[in-house]
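Just so you know, our numbering puts 226 at position 115 of the sequence shown, and the rest follows in order with no gaps.
Ideal Cβ positions, reconstructed from N, Cα and C, are used throughout, including at glycine.
Down below is the structure, laid out as structure tokens.
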Amino acid sequence: SVEWLSGELMDTSKLKKFAQYARRTLLDQVSGKLDVVLAPQSAARRERAQVVAELEKLISNTGRDNVTERVAYTWFNRFCALRFMDVNRYTRIGVVSPAEGQFQPEILAEAKMGHIDEEMVPSQIRQKILDLLAGRTPSTDSQGEAYRLLVVAACNAWHQSMPFLFERIDDYTELLMPDDLLSGNSILAYTREAMTPDACKDVEVIGWLYQFYISEKKDAVFEGLKKNQKITPENIPAATQLFTPHWIVRYLVDNSLGRLWLLNRPHSRLAEQMEYYIPPEKPETDFLKITGPEDIKVCDPACGSGHMLTYVFDLLYAMYEEEGYDPAEIPEKILTHNLFGIELDERAGELAAFALTMKARARQRRFFNKGVEPNITVLEKVIFSSEELDEYMGFVGRDLFIYGLRETLQQFSEVDNFGSLIVPKVANVTDVLATLESKDMSSNLFLAETHKKVLSVLHMSEALSPRYAVVVANPPYMGGKGMNPRLSTWAKEKFPSSKSDLFAMFIERNLDLTVKGGAVAMITMQSWMFLSSFESLRSRILNQHTILSMAHLGARAFDSIGGEVVSTTAFVLENAHKPDYRGAYMRLVDGNSEAEKMEMMAKAIVQGRVA
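Following this line, the structure appears as structure tokens:
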């Protein structure tokens with residue numbers, strides 16, 4: 112399969128083969144390592160007794176497969192992230208990549224010559240590495256052991272600027288790290304081979320790798336559907352992730368965010384770089400007013416690995432540049448003021464934050480030192496008992512709870528099932544959050560834990576509140592047949608007009624997330640345009656909102672899914688009713704591949720509006 116990547120075609124079949132192989136290999140290696148670590152007389156039990164005890168506790172709580180899966184993915188993720196940063200020279204020294212003409216990772220080659228970065232590697236670890244390499248510490252694989260210590264130190268050093276991806280490692284994750292990292296058949300050798308400098312030109316490569324890494328799990332979920340097995344909350348991420356082709360992302364963003372900018376800045380030159388922008392037929396006077404780029408909040412409520420947000424970043428960067436901002440400040444401003452992602456899958460959320468951090472670093476060399484984290488909210492399940500809430504309310508004062516706070520705190524007990532479709536009950540969440548954040552709970556240990564949970568729910572509620580100028584999304588698709596009973600019942604109750612599929616519920620939800628006059632840009636299944644089950648959804652869109660433009664893609668718009676599985680439509684809506692507005696409509700159903708449809712769209716835009 113081939114994907115359009117920043118104006119060039121990229122072959123993703125090699126990435127797919129690698130990611131699937133890597134998952135199987137890592138699961139195998141981590142599982143083997145687990146046997147060694149848990150053996151009755153293991154070295155780990157002697158040297159790291161507490162870590163082994165923690166590991167055993169985790170296995171009894173969540174199951175061995177779960178732990179193996181988590182550790183395997185953590186290392187896959189890190190190796191890919193380190194390789195991406197090596198290739199782009201964001202690391203001071205190649206951590207997983209050799210220097211030009213060398214075979215071993217540069218960091219190991221340097222260590223063998225006695226050079227070890229003192230900032231990255233703590234002194235006692237440095238000594239251990241030097242002793243191993245000088246043969247002072249007996250070992251069956253001194254280079255392998257030394258290199259493992261170097262990789263762990265590098266990951267811990269990155270913890271400072273990217274805690275979301277590089278949690279500190281001093282635990283079982285290190286114990287279960289694969290042994291063979293240096294041979295020609297090691298997982299790192301395959302990582303380097305798949306992640307070529309060409310593939311690493313764009314951080315999208317990381318999103319592709321994740322989609323392919325979980326693809327076999329996804330296939331298994333769909334096989335289960337055929338046997339009438341419902342999709343459980345833990346399988347929703349794997350079942351509903353799909354990478355949006357780059358040209359569709361550009362069409363959606365150019366005609367929502369780009370359009371908003373051009374309406375507010377009619378003399379802007381930005382239209383020249385927005386290939387997919389469709390200008391309005393007549394000049395407009397009634398639109399959302401913004402004073403400058405910092406005003407524009409953009410959200411992707413099902414952001415996956417951040418693929419849409421990375422293009423939004425590029426367009427926002429151009430807006431700040433056009434307004435004359437200092438280039439050194441722009442990346443930080445974008446991540447602080449403009450970009451918001453919400454995601455159910457913790458792994459995908461980490462990758463979205465990584466992708467945006469890489470976009471910022473590409474524009475600003477010193478970005479890692481700024482300690483700025485992207486606004487990616489990973490939705491987490493939080494459960495309170497009623498006694499816990501009673502006691503907490505007594506402590507913080509009941510007046511705070513009149514704003515629907517208590518109901519809101521109970522809304523997130525099934526967030527792993529309902530995701531961004533949850534509409535928080537709390538009014539003025541930002542004020543409530545500020546009030547509670549200022550409370551000191553250190554004197555009450557029991558309530559301190561509850562307080563942490565309350566703040567976590569309020570942060571999620573804030574992300575899910577209607578405050579965005581633009582919402583862009585490729586939402587999850589799941590028909591009623593696939594929904595588990597709780598999700599199905601909840602959908603009927605909360606989204607009666609769009610209950611037949613998750614994507615349709617997201618159309619409604621996204622319209623409610625935007626401010627008046629804001630834009631919603633989405634690609635979804637096409638069925639809502641015709642089926643009688645979506646009649647009241649269509650009626651809401653036509654009577655309360657405005658279709659600005661639509662590209663009816665039909666089947667085969669996603670080369671990464673074979674055949675005619677998904678028939679889609681991409682569209683931009685305005686959250687305002689303008690009955691006289693004449694939208695632009697492009698019929699691209701006759702194109703037989705992604706490339707053909709892309710060409711048809713480009714032609715239609717050049718030739719002017721198509722109805």
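Three-state secondary structure (DSSP) of P596:
P596 sits in a helix when the DSSP states are folded into three classes.
Does DSSP put R698 in a helix, a strand or coil?
strand
Report the three-state DSSP secondary structure of Y579 (helix, strand or coil).
Here Y579 sits in strand by DSSP.
Pick helix, strand or coil for I716, following the three-state DSSP scheme.
helix
Are the stretch 454-462 and the stretch 264-272 touching, with three or more C-beta to C-beta distances below 8 Å?
They do not touch, by the three-pair rule.
Would you call the CB atoms of L137 and I359 closer than 9 Å?
no
Is the stretch 207-218 close to the stretch 285-303, with three or more CB pairs under 8 Å?
yes
Do you know how far the Cα of R693 is from the Cα of M711?
21 Å
Please report the straight-line C-alpha distance between Q313 and H418, rounded to a whole angstrom.
Sequence inspection shows Asp at residue 313; the Gln mentioned does not correspond to that position. If you take the alpha carbons of D313 and H418, they lie about 11 Å apart.
Apart from the five residues just before and just after S609, which ones in its own chain have a Cβ nearer than 6 Å to its Cβ?
A615, M616, E619 and L648
Please report how far the alpha carbon of Y132 lies from the alpha carbon of E304, in whole angstroms.
13 Å
Over what stretch of residues does the alpha helix (DSSP H) that includes V489 continue unbroken?
Per DSSP, V489 lies in no alpha helix (DSSP H) segment; the continuous beta strand (DSSP E) that holds it begins and ends at N486 to V489.
Beta-carbon separation of F641 and L558 under 9 Å?
no
What residue from N686, E573, T173 and A310 has the CA that sits closest to T726's CA?
In the structure displayed, the chain extends from 112 to 722; residue 726 sits before or after that span and is not available.
So, are the CB atoms of T488 and G452 less than 9 Å apart?
yes
Fully enclosed by the stretch 393-455, which alpha helix (DSSP H) runs are 4 residues long or longer?
If we require 4 residues or more, the alpha helix (DSSP H) runs fully inside the stretch 393-455 come out as 418-433 and 441-444.
Cα-Cα separation, P289 to T179
12 Å
Going by the DSSP bridge assignment, what does E573 pair with across the sheet?
Answer is none; E573 lacks a bridge partner.
Among all the DSSP beta bridges, which residues are the ones paired with G590?
Answer is D612, bridged to G590.
By the 10 Å Cβ neighbour count, where 16 or more other Cβ atoms means buried, how is H357 classified, buried or exposed?
buried
Take L659 and list the residues in its own chain whose beta-carbon comes closer than 6 Å to its own, dropping the five residues that flank it on each side.
If we look at L659 and ignore the five residues flanking it on each side, its Cβ neighbours are V683, E685 and G694.
Who are the near neighbours of I236 in its chain, counting only those whose CB is closer than 7 Å to its CB and skipping five residues on each side?
L260 and A264
What does the alpha-carbon distance come out to for the pair G246 and G225?
13 Å
Environment of D542 [buried if 16+ CB atoms lie within 10 Å]:
exposed
Please name the residue in E386, K125 and A545 whose C-alpha comes closest to that of K714.
E386
C-alpha gap between F529 and K328, whole angstroms:
Rounded to whole angstroms, F529 to K328 spans 21 Å at the Cα level.
Assuming T625 and P586 are in contact, meaning their beta carbons sit under 8 Å apart, how far apart are those beta carbons, in whole angstroms?
No, T625 and P586 are not in contact; Cβ-Cβ is about 14 Å, not under 8 Å.
Can you tell me the Cα-Cα spacing of L126 and R175, whole angstroms?
28 Å
Three-state secondary structure (DSSP) at M661?
strand
Give me the DSSP bridge partner(s) of M636.
T679
Between which two residues does the alpha helix (DSSP H) containing R157 stretch?
A154 to E158
Measuring alpha carbon to alpha carbon, tell me which residue in P151, T251 and M589 is nearest T635.
M589
Collapsed DSSP secondary structure at G628 in the structure displayed:
strand
In whole angstroms, what separates the C-alpha of L116 from that of T123?
A caution first: L116 carries a pLDDT of 42, below 50, which makes its placement in the model unreliable, though a value can still be read off. Looking at the two C-alpha atoms, the distance is approximately 10 Å.
Would Q322 be called buried (16 or more neighbouring beta carbons within 10 Å of its own) or exposed?
Buried: at least 16 other Cβ atoms inside 10 Å.
Going along the chain, which residues of its own chain have a beta-carbon closer than 7 Å to the beta-carbon of E499, five neighbours each way excluded?
For E499, the CB contacts under 7 Å within the same chain, skipping 5 residues up- and downstream, are T561 in chain order.
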